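> Numbering (my numbering), first residue to last: 1241 to 1488.
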Amino acid sequence: MNISFEDKIVIVTGSTSGIGAATAEAFAQSGATVIVCGRRVEKGEAVVGKIKKNGGHALFVQTDVNDDSSMNHLVAEVIEQYGKIDVLVNNAGVYKSFAFEDIDMEKEYEDVFNINVRSYIYLSKLVLKFMLERKEGSIINIASVGALNGGPGIATYCASKGAILQLTRSMAKEFGGRGIRVNSILPGLIHTEMMPEGGPMDKVIDTMIPLKRAGNSMEIAQPILFVCSPYASFINGASIVIDGGQSA
C-alpha cells in the first residue's frame, strides 16, 4: 500500500517533539508539505531541518495553542503561503498529575482544558472554514487511552481526553456530509518527552501492556497517515486505540 500526500498541506500542532514530530516527518516522507508548530523555536526548526534534509517540504510557525491570536496567525500564515489546508492534526497537549483534592481550578484545571480541549475546538473552527470551501479535508484529534480507563492523580487529564472523543464524534456527524472526516487517535504508553523511557511507568509495562513494551511515536504516526488517506475514506467519527492491548 503506497500512501501519497503529494500536494497536500498538513498542519500538525505540538510537532516540535514526540508523536507530533514523528507525524510531521511521516507526512513529509509521503509527499506532503507539513507545517510544524509549537512554542519551542529551536526544536521546531530542528524538525523542519530533518524533514528538508530527507528531501521533504516543511515550514515552522511558532504557535501557542493557549493563545487565540497565535492560532489565528498560524492559519493566516498557512493560507497566505499555500492557499489551502488538507489535514489538521490536533496533537498539542499537556499532561499534569496531582491528587484530586489538590486540583487548582484557576490554574491546573483551566490550563489542561484550555490546551487539551479548547484549542482543538478553536483551531478546528479556523481550519474548517477553508476545508468547507473545498468540501474536503481530514481532522485528527489526539486523545488518549486515559479517556477510556481513567486513573488516580490524572482526573483532569483523563476528563479532557474523554471530552475529545465526544468532540470528535459530534464534529464527524456535523461535517461528514460536507466532505470532512474527523477521527480521534487514542495512544497508550508511548515513549516521548512526556513519558520518557526509564520513567516510573516503565515499571508496570509488563503487567499493564500485553505486548510487554511501550510504543514509539512512529507507531502512532503511521496509523494517522492511513486514517487521513483515501484508503480510509469510510472511516469517520472513529476512536482508534493504539495501546498494545492495554485497554483490551
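Quick reminder that beta carbons are idealized off the backbone N, C-alpha and C, glycines included. All values reported here derive from a predicted model rather than from experimental measurement.
Would DSSP call Arg1421 helix, strand or coil?
Three-state result, Arg1421: strand.
> My assumption, with CB atoms under 8 Å, is that Ala1268 sits in contact with Ile1291. Please give the rounded CB distance.
At roughly 4 Å, the Cβ-Cβ gap stays under 8 Å, so Ala1268 and Ile1291 are in contact.
> Thinking just about the alpha-carbon of each residue, which of Asn1294, Val1318 and Lys1293 is nearest to the one in Thr1303?
Residue Val1318 is the option with its Cα nearest to Thr1303.
> Using the C-alpha atoms, what's the distance from Ile1382 back to Glu1348?
Cα-Cα distance, rounded: 20 Å.
> Would you please state the rounded distance, in angstroms, between the beta carbons of Tyr1360 and Asn1312? I believe it to be under 8 Å.
Not a contact, Cβ separation roughly 15 Å.
> Pull up the distance between the alpha-carbon of Leu1372 and that of Ile1420, whole angstroms please.
C-alpha separation (whole angstroms): 7 Å.
> On the CB-based measure, 16 or more other CB atoms within 10 Å of its CB, does Gln1406 come out buried or exposed?
So Gln1406 counts as exposed.
> For a test of the three-state rule: what should DSSP assign to Ile1319, helix, strand or coil?
The answer is helix: DSSP assigns Ile1319 an H, G or I state.
> According to DSSP, is Val1281 part of a helix, a strand, or is it coil?
The answer is helix: DSSP assigns Val1281 an H, G or I state.
> Determine whether the beta carbon atoms of Gly1402 and Asp1483 lie at a separation below 7 Å.
No.
> Measure how close the beta-carbons of Val1467 and Ile1475 come, nearest whole angstrom, since I'm counting them as under 8 Å.
Yes, Val1467 and Ile1475 are in contact; Cβ-Cβ is about 6 Å, under 8 Å.
> If you follow the alpha helix (DSSP H) that Val1352 is in, where does it begin and where does it stop?
Val1352 -> alpha helix (DSSP H) spans Glu1348 to Phe1353.
> Could you name the residues that DSSP lists as bridge partners for Ser1469?
BP columns for Ser1469 are empty, so no partner.
> Nearest-angstrom Cα distance between Ala1286 and Gln1321?
So the alpha carbons of these two residues sit roughly 21 Å apart.
> Terminal residues of the continuous beta strand (DSSP E) containing Ser1378?
Where Ser1378 is concerned, the enclosing beta strand (DSSP E) stretches over Gly1377 to Ile1382.
> Rounded to whole angstroms, how far is the Cβ of Gly1254 from the Cβ of Gly1278, which I believe are closer than 8 Å?
Rounded, the Cβ-Cβ distance is 6 Å, consistent with contact.
> Residues in its own chain within less than 8 Å of Ile1259 by CB, not counting five upstream and five downstream?
Result list for Ile1259: Asn1331, Ile1382, Pro1427, Ile1430, Thr1432, Ser1457, Ile1460 and Ala1461, in chain order.
> Less than 7 Å between the beta carbons of Thr1256 and Gly1284, yes or no?
The answer is yes: Cβ separation under 7 Å.
> Determine the burial state of Asn1423: buried for a count of at least 16 other Cβ atoms within 10 Å of its Cβ, exposed for fewer.
Asn1423 should be labelled buried.
> Going by Cα to Cα distance, which pick from Ile1380, Val1352 and Thr1273 is closest to Glu1246?
Cα-wise, what sits closest to Glu1246 is Thr1273.
> Measure the C-alpha to C-alpha separation of Phe1415 and Phe1370 and round it to an integer number of angstroms.
Distance between the alpha carbons of Phe1415 and Phe1370: 13 Å.
> I need the straight-line Cα distance from Ser1469 to Lys1413, nearest angstrom please.
Using only the alpha carbons, I get a separation of about 19 Å.
> For Val1444 and Ala1488, what's the separation of their Cα atoms in angstroms?
Looking at the two C-alpha atoms, the distance is approximately 16 Å.
> From this set, Ser1410, Arg1409 and Gln1486, which residue's C-alpha is nearest Met1441's C-alpha?
It is Gln1486 whose Cα lies nearest to the Cα of Met1441.
> Report the option in Phe1340, Gly1377 and Ile1355 whose CA atom is closest to the CA atom of Leu1328.
The residue with the shortest Cα to Cα distance from Leu1328 is Gly1377.
> Could you check if Leu1363 is buried or exposed, using at least 16 other CB atoms within 10 Å of its CB as the buried criterion?
Result: buried.
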